[in-house]
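Numbering (UniProt numbering), first residue to last: 1 to 174. We put the beta carbon where it would ideally sit given N, CA and C, even for glycine. Treat the numbers as computed from the prediction; the structure is a model and nothing was measured.
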C-alpha cells in the first residue's frame, strides 16, 4: 500500500464515525450546546468537513466542495465562502443549526471523497513539498493533509461524545 492509498483510506474514515454518531438523532439533540456554550454536534460535524474542505482546496488549487457542489446553499448559513469556523465563539456556534443529519454527513462524505481523489494523484515528491515555511519545522503537503484528516477525526469523535452527553438514551454503535 502506498502512502497515498493509506492517506486516502484515513481521509474516508470520519464518514463512518459520523454516520454512527447521527444515527436516529433528533434535530434538538443535533443542535444542543452542552452547558449552553459548548460546541453542538451540528457545529462539530460542519466544522470537521469545512476545515478539511478549505485546506485541501487550497493545497490543490481547486474550488472548495462547499461552493463547487452547492453545499453552502443547502446549509443556508450566513458565512463567507472561506469561513470554516476557526475561532468561533458560542454565538457563532449557535447559528450553525441543522435539522437533517444527512446534510452534515453528506457534506463530510463529499469532502472526504474529494480529499481521497486528490491524494491518489499525488507523488511522493509532492507529499514532501513544503507548503508553509512559517512554522518550525516547515509544514509539508503531507503534514498538512495529515493535520486536516486528524482534525476531522477529532471533531467527529467530539460530536459522538456530545451526543452521549446530551442524549441519555444513546448508547452508540460501537
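- In this structure, DSSP gives residue 67 a helical state, which the three-state scheme calls helix.
- Residue burial is scored here from C-beta neighbours: residue 27 has fewer than 16 other C-beta atoms within 10 angstroms and is therefore classed as exposed.
- Distance from the CA atom of residue 66 to the CA atom of residue 171, rounded to whole angstroms, is 32 Å.
- Ranked by how close their Cα comes to the Cα of residue 96, the residues 64, 123, 43 have 43 in first place.
- In its chain, beyond the 5 residues on either side, 21, 25, 29, 41, 170 have a beta carbon closer than 7 Å to the beta carbon of residue 163.
- In its chain, beyond the 5 residues on either side, 14, 48, 52 have a beta carbon closer than 6 Å to the beta carbon of residue 152.
- Leaving aside the five residues that flank residue 158 on each side, the residues in its chain whose CB is nearer than 6 Å to its CB run, in chain order, 44.
- DSSP places residue 22 in the helix class (H, G or I) of the three-state scheme.
- Closest in C-alpha terms to residue 39, from the list 168, 161, 173, comes 161.
- For residue 156, the enclosing alpha helix (DSSP H) begins and ends at 141-166.
- The C-beta of residue 122 has 16 or more other C-beta atoms within 10 Å across all chains shown, which makes the residue buried.
- DSSP, read as helix, strand or coil, puts residue 124 in helix.
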